Structures are given as C-alpha cells and as structure tokens.
Amino acid sequence: MAIKLDLEKAYEKVSWDFICASLNVAGIPIFFQTVIMSAISSSSMQILWNGMPTQKFKPIRGIRQGCPLSPYLFVICMEWLGHIIRVEMDIGKWEPIRLSRTGPLSLIKRDYWITFLISSTSFRGTEFNVRKSNIFFSKVIGIDVRNQITQMFGFQEAQNLGTYFGVHFLHNRVTNNTLSFVVDKPWAREGLGFRHLSDQNTSFLMKIGFSLVSKSNMLWVRVLHSKYGWKEQFPDSISRNQCSHLRRESVNSDGSWNLDLLYVWLLEDVISRITSIPPPHLDYGSDRVIWARSALGVFSVHSAYWTLKEDTWNSQEEYWKSIWKYLGPQRVRVFLWLAFKQRILTNSERTRRGIDHSNSCTLCGHDFEDLGHVLRDCPSAKDIWMLVLPEQLTQRFFSVSFQDWLLLNLCFHERLQGSGLTWSCLFGLIAWRI
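This is the structure we're talking about:
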C-alpha cells in the first residue's frame, strides 16, 4: 500500500515562527536568520475589490512562490517530519519492519499515525488536502480491507500515483514506450549538447553500480544486497591480515613495495604503474572506492558519459581545438569556425540557397566564388598574402585544400621576425579582414 499526501497551499500556510525555529535548529547563524526572516516578513499585499485595490496589509505566514529562497526554507521545514518520526521510533510508538525477508529494518506506523501527522503538520501551519491525497493498494489486498482503510483515512483510492517528470511512479517492465516522450537526438561534439539516450542510460546505471559498492550503509543499498543475495563486499581495509598471501608479500615490513617479488611475476611496464601508487598502509587511513575519472574521486554521470564516448570521437574533429584555441579576438574565432563549416555567404553559397543568381566573383570575374577563392585564390587576396607570407609556407600555401589550408596556418605558431606576433594569430586577423 502506498499513500500520496498532498499539502494544501503548502507555501502559503507555512508559519513564520516555525521557519524561525527550523533555522535555529538547523544551526543557521543569528545574523543570517535575521536577514532571511526580514526578507520573508517584509512583503505586503493588496486585494482587488470590485476592480479597486484595497489598502496594503502585511501577512503573518507563508513564503512567496517564485522566490529562490522559498524551496530551501520549505525543505528545512519538512525535515521536522523525519525528525519527529525518529523520535516516535525511539520511544517505541513506531514498529520497524523488514523490507525483505533478510533485509534491513524500516518503519511502519500504528493506528494512531494519522493523529500524529495531523499534529505535526498543524505545528508547521500546513494541512493535508484530502481531495488530492490518494491511496494505492497492491493486488493482494482484499476489497473489504481497502474499504476500511479508505474510510479511516478519508482519502480516495487511486489506480496509480501519477507521474514525476513525465515518468509514472508505478509501472510495469520498463520498455521503449515507457519513455517515449523523450526524443533521442544525436549528440555532436560541436553541437547543442544532445546526447545519445542509450549511453546516457548506461551512465545512470554506472552511477547505481558505483553507489552499490561505495555507499554500503545506505538503506536502498542494504535492501538490494539482502533481497538479491549479493554477499560479496569490498573490504573495508586492505591491511595485511585481511589480504591474500600474494598481496601481503607484495609490501615489505617497512611499507615499501617488494620489487624483487614484483619483478618475478609482472612485466616492467606493469611494475612501473604499480610503483607510481603508494602502497597500502594503516597510517594512511581507511580505504574507499573512488571514481578515477574525477579529480576528487566523486562519481558523476557527466564524466561517465564522456568515458563511454571518448573512443568514438572522430579524430578528424581535433581541428576544433586549433580553431577555439586561436590566440585572437573572439569574433575572429567565430569567423574561422563558420569558414571551416562553409557557412560564410559567398556568391556560390548565395546561389545555392536561392538568394542570388550569379556564382562569379565581383572583383576578378572568376566563374565560381567559394571560400577558397575569396580568402586565398582571388588575385586581390593573393597580393595581400604575398606581402606577409613566411618562407616556410610558400610552397604549400596556395596548393592544399581549403580546410587543410586553415589548419596548416592555424597550427603554425612561429613568431614573425621583429615582432612578438605569431603567424597563426596574424593569419586569422588577415583572413577575417579579407
């Protein structure tokens, strides 16, 4: 059985005295308490009566919708509910149950729990919305028991508990139709940030797996361990008395690696990687599972996704580094990126889009004006380049393809004679001005 409780006008009915008490219990400094309460209590209201606003008056409770501080204050107030539940458990008014046959203990409320919840929410100033609160029963509960429970609570029976971010709280086996509202769009590295849904889902599964081995004290982890009989655990410590014989012998009594033994069993490149890691020692503190792809050892879905996709990036896309690391004005970087993507409106591009009717160059009369012609091959552009072109690039400058031409010059970082300016920087500025 699951009960979905809806708080009636949750934000509007929160007592200011209760907020102040919650901030105090949470350990918020007095100065910040004063600032927060001043921000809450400084509001005033008016009511339109027959189209005319009444005099302003000050409310005595409630927090404002849309205020960025309101959600945090509401969460702090709701923490009281969990605190009171723990108190009721300590004095014996709550009975623990097992979430599975051999699983950890959880909590269940006795018959008077309605009175308890009503009293706790009344202290906070909020009340339950009976019309929007629902009860969901499993298939094994009989009709008579369902009727008794619904009459006792006064809540309506529901066949489901609604959705959260478009996903149903209760559903059968997850299929493609379960999340059909999500559009799986391809992700391009230089694009808008859309990701492959299958890889993103794998990243979420990796997060669950990492939590299973690194957060063994969490309730849901203990439930899964007990329910599915997963007995294997990572050791809390790798001290000598808890390690295998080979691992114990790999470390000398002084805490250093036993290189003589390692050279017998392992290759030299493997040994170099092992010796780069400090050997285990009790003085270093307790061991813990970390995520190697993060500097702090903390797992994140973002880093997991990039780990999955790093081997699939096209090596040809490395040119973006040369463009976006260009040491010049931002507007020049954008221009070079547009040029590489062939997005500059030359006459040939205008004709292709139906904007113009002529492909020819207006300066030299060449039949086809593309980007290569505008920036390099046009006689007007050639005259400019020949004035500043370094000798090392003379042979290849006018012969390679347009994209290779851009990369060739953007990767040539030689400093110009008599100047602190590099050729790659000057090249971008000249191409932008042309």
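Taking our numbering, the leading residue of the sequence shown gets 966, the next gets one more, and so forth.
Ideal Cβ placement from N, Cα and C applies to all residues, glycine included.
Note that the structure is predicted; figures quoted are calculated from it, not measured.
Check your understanding: residue 1024 to residue 1007, Cα distance in whole Å?
Key -> 9 Å
- Relative to the C-alpha of residue 976, which residue among 998, 999, 1005 and 1218 is closest? 1005
To the nearest angstrom, report how far apart residue 1406 and residue 1046 are at their CA atoms. Residue 1406 lies beyond the residue range present for the chain, which begins at 966 and ends at 1399; the question has no answer from this structure.
| message | Is it buried or exposed, residue 1344, if we count other Cβ atoms within 10 angstroms and call 16 or more buried? | response | exposed
* Pairwise C-alpha distance: residue 1328 and residue 1373 -> 26 Å
Can you give me the start and stop residues for the beta strand (DSSP E) that residue 967 sits inside? 967-969
- Item | Sequence-distant residues of the same chain with beta carbon closer than 8 Å to residue 985, five excluded per side | 998 and 1002
Quiz item: Which two residues bound the contiguous beta strand (DSSP E) that contains residue 1101?
Solution: 1099-1101
Residue 1341 burial status per 10 Å Cβ neighbour count (16 or more: buried) = Classification for residue 1341: buried.
**Study point:** Buried versus exposed call for residue 1154 [16 or more other C-beta atoms within 10 Å across all chains shown]
**Key:** Bear in mind that a pLDDT of 44 at residue 1154, under 50, signals an unreliable position, so the number given afterwards is only what the model happens to contain. Exposed is the call here.
Self-check item: Close-in-space but distant-in-sequence residues of the same chain around residue 1394 (CB under 7 Å, 5 per side omitted)
Solution: When the five nearest sequence neighbours on each side are left out, the beta carbons in the same chain lying within less than 7 Å of the beta carbon of residue 1394 are those of 1293 and 1297, in order along the chain.
message: Going by C-alpha to C-alpha distance, which of 1111, 1258 and 1164 sits closest to residue 1274?
response: Considering only 1111, 1258 and 1164, the residue with the shortest C-alpha distance to residue 1274 is 1164.
task = For residue 989, collect the residues of the same chain with a Cβ closer than 7 Å to its Cβ; drop the 5 residues on either side in sequence, then sort them by chain order.
result = 998
* **Identity of the residue in 1392, 1379, 1357 and 1101 nearest residue 1300 by Cα** => 1392
| task | Please list, in chain order, all residues of the same chain as residue 1316 whose beta carbon is under 6 Å from its beta carbon, the five residues on each side excluded. | result | 1324
* Does at least one heavy atom of the ligand GDP sit under 7 Å from the Cβ of residue 1025? -> No copy of the ligand GDP appears in this structure; indeed no ligand is present at all.
Which ranges does the beta strand (DSSP E) cover as unbroken runs of at least 3 residues, wholly within the stretch 1324-1372, from first to last along the chain? DSSP runs (the beta strand (DSSP E)) wholly in the stretch 1324-1372: none.
* C-alpha distance - residue 1053 paired with residue 966, whole-angstrom precision -> 21 Å
Report task. Just confirm the distance between the C-beta atoms of residue 1226 and residue 1214, as a whole number of angstroms; I'd bet it's less than 8 Å. Result -> 6 Å
### Backbone CA spacing between residue 1117 and residue 1042 [nearest angstrom]
Looking at the backbone, the Cα of residue 1117 and that of residue 1042 are separated by about 27 Å.
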